[in-house]
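Before any comments, here is the structure.
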Amino acid sequence: MLKLNTQLAQDADNIASSISELGKYIGTITRAEKLVSKQKGTQGLGLSFKADNGQSADYLDLYHTKGDGTQLSAAKTVNAILCCARVKQAEDGVIDVEKWDKAAGQRRKMRVNGYPALMGKRIGLLLTQIMETGTDGKDRTKLEIFGVFDPETELTASEILQRKTTPERLSSMLDAMIKRGVQDKRKKPAHRSASAGQDRFDDIPIGDVPADASMDDDIPF
1379 MLKLNTQLAQ DADNIASSIS ELGKYIGTIT RAEKLVSKQK GTQGLGLSFK ADNGQSADYL
1439 DLYHTKGDGT QLSAAKTVNA ILCCARVKQA EDGVIDVEKW DKAAGQRRKM RVNGYPALMG
1499 KRIGLLLTQI METGTDGKDR TKLEIFGVFD PETELTASEI LQRKTTPERL SSMLDAMIKR
1559 GVQDKRKKPA HRSASAGQDR FDDIPIGDVP ADASMDDDIP F
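Residue numbers (our numbering): 1379 to 1599.
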């Protein structure tokens, strides 16, 4: 006998609508949450994204600044998002989002601290896949932002800031991402060499904009 389990039926839709492949996507920011780690006070941008084809990607989180103010590499991607979304400054504020409620065991609408100026903004993303070891010790595959671009012009952040009108970098960034494939960031056994599994493409300019890019009157928007 088969009996309808309504929760499992809804979960099937969620799985089908999730982005699971690396590639080039255009869509809308559905969550721009302000994150602060409890242990060290590291700040982050919690990003969720819905592509125009209906697929979505949750928890594309970017921890960009340590508690002492030191910027991390993800700051480049955060600045690229601001630039390509044409947002010079995103003030803190309250946003309404849909998130997984661990206590309730389901997704529900919540009111959290975030950046209202980024909510609903159109953005283009190159999404790659990585393999990592979770806090539970289990290996998993997840999505990560590889590059950012303007969804209308396909210009990258550096091209926008240089006032270029013809996109040139995006195709090479996409080729590099595809060539790199799935990155293995799983925790390695202690006996393995520290250089084992090192990414051969560390020189690829992820985010395509310096972490300290100046948001001043020279910005062309």
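For each residue, glycine too, the CB sits at the ideal point set by N, CA and C.
Take Leu1552, set aside five residues on each side of it, and the residues of its chain with a beta-carbon closer than 7 Å to its own are Lys1402, Leu1504, in chain order. In this structure, the beta-carbon distance from Ile1556 to Lys1466 does not fall below 8 Å. Closest option to Pro1545, judged by alpha-carbon separation, among Asp1562, Arg1558, Phe1527, Gly1559: Phe1527. When rounded, the separation of the alpha-carbon atoms in Gly1445 and Ser1451 is 15 Å.
Taking a C-beta distance under 8 Å as the contact criterion, Ala1554 and Cys1462 do not qualify as a contact pair. Membership of Asn1457 in the alpha helix (DSSP H) is indicated by the continuous run 1452 to 1462.
In this structure, Tyr1441 sits away from Gly1419, with a CB-CB distance that is not shorter than 8 Å. Only residues of its own chain outside the window of five on either side were considered, and among them Gln1421, Gln1449 have a CB closer than 6 Å to the CB of Thr1443, listed in chain order. Just so you know, the alpha carbons of Gly1559 and Ala1468 end up roughly 33 Å apart. Per DSSP, the unbroken alpha helix (DSSP H) holding Leu1552 starts and ends at 1547 to 1558. Note that the C-beta distance between Ile1397 and Ala1453 is not below 8 Å. At a Cβ-Cβ threshold of 8 Å, Asp1439 and Leu1460 do not count as neighbours. Approximately 17 Å separates the beta-carbon atoms of Ile1523 and Met1497; this is outside 8 Å, ruling out the contact. Look at the stretch 1459 to 1512 and you find these whole runs of beta strand (DSSP E), each 3 residues long or longer: 1471 to 1479, 1484 to 1492, 1500 to 1511. Residues Arg1485, Arg1486, Met1488 of the same chain have their beta carbon placed closer than 8 Å to that of Asp1479, with the five preceding and five following residues left out of the count. In the DSSP assignment, Glu1537 falls within the alpha helix (DSSP H) that extends over 1535 to 1539. The C-alpha of Ser1395 lies about 32 Å from the C-alpha of Lys1566. Taking each of Gly1515, Gly1492, Asp1514, Arg1464 in turn and checking the Cα distance to Glu1537, the smallest one comes out for Arg1464. Annotation: Gly1419 is outside any beta strand (DSSP E) and is labelled neither H nor E by DSSP.
Distance check between Leu1400 and each of Glu1532, Arg1409, Ile1508, Gly1512 places Ile1508 closest, using alpha-carbon atoms only. Bridge pairing for Gln1449: Thr1443 [DSSP].
Using a 10 angstroms sphere on the CB of Gly1512, the tally of other CB atoms stays under 16, which defines it as exposed. With distances taken between CA atoms, Gly1405 lies nearest to Lys1499 out of Asp1517, Val1456, Lys1499, Tyr1493.
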